[in-house]
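So for the sequence shown, this note's numbering puts the first residue at 171; every next one is plus one.
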Amino acid sequence: MPNRESQVNVSSLAVLSRANDIPDYIGSAAVAVTNKGLAVFHFEKWTLAQQAEHFQKFLDQPGRHDKYGLVSSCHMSSWGDIRTCMKGPNDNDGLWTSMYLASQVFRYAMVRDPTIKTEAWKHFEALELLNQVSGILGYPGRSFAKRTDFPPSPDWYPSPIYSNLQFKGDTSSDEIVGHEFVYPLVRDLLAENDNERQRAYILTFNITNHILTHDWYLMGENHTHTTWGIWNPILVNDNDFYQESRGLNSLQILAFLLQTYAYSGDERFLDGAYLLTESYQYDVNLINEKTIAVCDNSFSDDELAYLSYFTLVHACHSITSSSSLSPKQKQHARTLIDHLLEYMKVGLNLSHKYKQMEKSPFYNFIYCYVSGQVNQTRRLFKKHNLSSTKSSDFDCHSLSNDGIWYMQRWPLELIDWQQFNSDRLDIQINVPAECSSKPSSLQMLPPDERSSKKWNGNIYDLDDGSGFNEDDPAAFLLSYWGMRYFNLLE
């Protein structure tokens, strides 16, 4: 495996330009002669649609990123050789599969190809099984595998429902955010009959009902709450360990409750949201959803927050446009919705003050949806006297252009090749952020100049990667199809 010392010295470089009568898409090429051998670079002009098609094919190789319908990154036994890349169980299989499935839901909504629906439903059924395998209603496992795949391991438990399966326990709030994000999309955009809609709805209901009836905790296989499955106000508000996640956890549970109420009409969920707001200031907690710490180099909370923002606004839209809720129910809910949206927009704009610098198509398309700047939510904000200009600090035309730029610079390979950028003279090191002796840049490098990452990764890392892992393509696919669905690529 190469290291920092095994540098490549270029002795000569030739650029081969295409002739004038050759179409633009053919591109050009460059040949580099190095001390390690000959390298040929071929340049072509691709559309974003071609990139999406390219990444979609990553799922065609059995076991590479898709195993038992669960989707995540894969590990290579041979350096840089994707033929050896095999997906294993991942602690966040529920979250990553949910995000991939969401990309396919948006894709199906745009293309309406039955084969896309069939493949997407396979991943929904994997998530459905993930919800059933623990035998605890409303408690999905982190991942599942066959008992013959590997011997018993810590945090893995035999399924009491399926004799041939085992599941990973101690499920986190990360997983719950993914489940609650994607099932409403499946119900509204992928399901085509009452049975399919019910199957998606009941998963949302069971998870939220589990949390509601277990004192705002996610209770796991050991009959205690899991490490991160905590939304109880005693800990969220009064325990300093949860100070940084106070706003995030408040946002999550309010989104879960309102989304479940939108489809069930069960007053317990709306009453729960009112309780957390009126008695425990979960509305005020939304203002400081994002807290800034110099040494915080994890972006997981940002990813979870934006998925939860989406779920919350989707819930508000579903409630106000519902044909199954009575006028009295909708009016009662609207009072809370008006109130929460006011607090939410403050926290959202504070968050996006930092996220917009990253030019992320994922964060930007969700911001546009949540701030009422797309057709699907514009009416919601007008109805509640929150015009898009009042509810947002950032214009979606500019954000969309940033997202397009980012996707255009997305490398076609998702292998985490080793990158050594800290020696570059054109990079300014963020010295205060070097808390763990790992250099970070003050400004983000384009995605094709650094190691491949999901949306929870630190995009300011300079020296990173191993060449033994390949990311799944959900980060690109969800961004692309989300932007297309909300007409942000026009």
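For each residue, glycine too, the CB sits at the ideal point set by N, CA and C.
**Prompt:** Cα separation between Q588 and D634?
**Reply:** 6 Å
**Item:** K523 - DSSP class collapsed to helix/strand/coil
**Value:** helix
**Request:** Tell whether a beta-carbon distance below 8 Å holds between E345 and P321.
**Result:** no
**Asked** How is the beta strand (DSSP E) around W249 delimited, first residue to last?
**Response** Note, W249: premise wrong, no beta strand (DSSP E); not H, not E.
**Prompt:** What are the complete alpha helix (DSSP H) segments, minimum 4 residues, inside the region 325-381?
**Reply:** 343-355
**Prompt:** Can you tell which of P609, T547, C605 has the C-alpha that lies nearest to the C-alpha of I597?
**Reply:** P609
**Message:** Distance check for N365 and R277, CA to CA, integer angstroms please.
**Reply:** 22 Å
**Prompt:** Ordered along the chain, which non-local residues of its own chain (more than five positions away) have a Cβ less than 7 Å from that of Y450?
**Reply:** P403, N407
**Asked** Starting from A442 and walking both ways along the alpha helix (DSSP H), at which residues does that stretch end?
**Response** The amino acid occupying residue 442 in the given sequence is Gly; Ala does not appear at that position. It spans 437-448 - the alpha helix (DSSP H) in which G442 sits, taken as one unbroken run.
**Item:** Buried or exposed (CB count within 10 angstroms, at least 16 for buried), S649
**Value:** buried
**Prompt:** Going along the chain, which residues of its own chain have a beta-carbon closer than 6 Å to the beta-carbon of S488, five neighbours each way excluded?
**Reply:** A432
**Message:** Excluding the 5 residues flanking S570 on each side, which residues of the same chain have their C-beta closer than 6 Å to its C-beta?
**Reply:** L658
**Asked** Any idea what DSSP makes of L297, helix, strand or coil?
**Response** helix
**Bridge-paired residues (DSSP) for Y387** = I400
**Beta-carbon gap between D236 and K257 smaller than 8 Å** = yes
**Item:** Through-space distance from L360 to L582, alpha-carbon basis
**Value:** 28 Å
**Request:** Less than 8 Å between the CB atoms is what I'm expecting for F469 and N626, so what's the real figure, rounded?
**Result:** 5 Å
**Prompt:** Should R234 be labelled buried (16 or more other beta-carbon atoms within 10 Å of its own) or exposed?
**Reply:** buried
**Prompt:** Cα separation between T559 and H380?
**Reply:** Note on T559: pLDDT 44, under 50, position unreliable in the model; the coordinate value appears next. Going by the C-alpha atoms only, they are around 38 Å apart.
**Message:** Please classify Y655 as buried or exposed, where buried requires at least 16 neighbouring CB atoms within 10 angstroms.
**Reply:** buried
**G264, enclosing alpha helix (DSSP H) - first and last residue** = 263-281
**Request:** Measuring alpha carbon to alpha carbon, tell me which of R253, S323, T461 ends up nearest Q231.
**Result:** R253
**Message:** According to DSSP, V201 sits in a beta bridge with which residue or residues?
**Reply:** A184, V210
**Message:** Tell me which residues share the same chain as F375 and place their Cβ nearer than 7 Å to its Cβ, disregarding the 5 neighbours each side in the sequence.
**Reply:** T430, S434
**Prompt:** Hey, A485 and L440 are a contact pair by Cβ (cut 8 Å); roughly how many whole angstroms apart?
**Reply:** A485 to L440, Cβ: 11 Å. No contact.
**CB contact flag (V540, V454, <8 Å)** = no
**Residue from A222, F225, S243, Q226 whose Cα sits closest to the Cα of G637** = S243
**Message:** Assuming the contact rule is C-beta atoms closer than 8 Å, D340 and T383 should be a hit. Round their C-beta distance to whole Å, please.
**Reply:** Actually they are not in contact, since the Cβ atoms of D340 and T383 sit about 20 Å apart, beyond 8 Å.
**Item:** DSSP three-state assignment for F564, whether helix, strand or coil
**Value:** coil
**Prompt:** Where does V241 fall in DSSP's three states?
**Reply:** strand
**Message:** Just to confirm before moving on: does the CB-CB distance between T267 and V303 stay below 8 Å?
**Reply:** no
**Message:** Classify L355: buried if its beta carbon has 16 or more other beta carbons within 10 angstroms, exposed otherwise.
**Reply:** buried
**Proximity winner among T318, H349, K338, relative to W326 (alpha-carbon distances)** = K338
**Item:** Rounded straight-line distance, which links the Cα of Q226 to that of P643
**Value:** 7 Å
**Item:** DSSP-derived helix/strand/coil call for S557
**Value:** Interpretation of S557 is limited by its pLDDT of 48, a score under 50 that renders its predicted location unreliable; the figure taken from the coordinates is listed afterwards. Of the three classes helix, strand and coil, the one that applies to S557 here is coil, per DSSP.
**Message:** Quick check on Q336: buried or exposed, where buried means 16 or more other Cβ atoms within 10 Å of its Cβ?
**Reply:** buried
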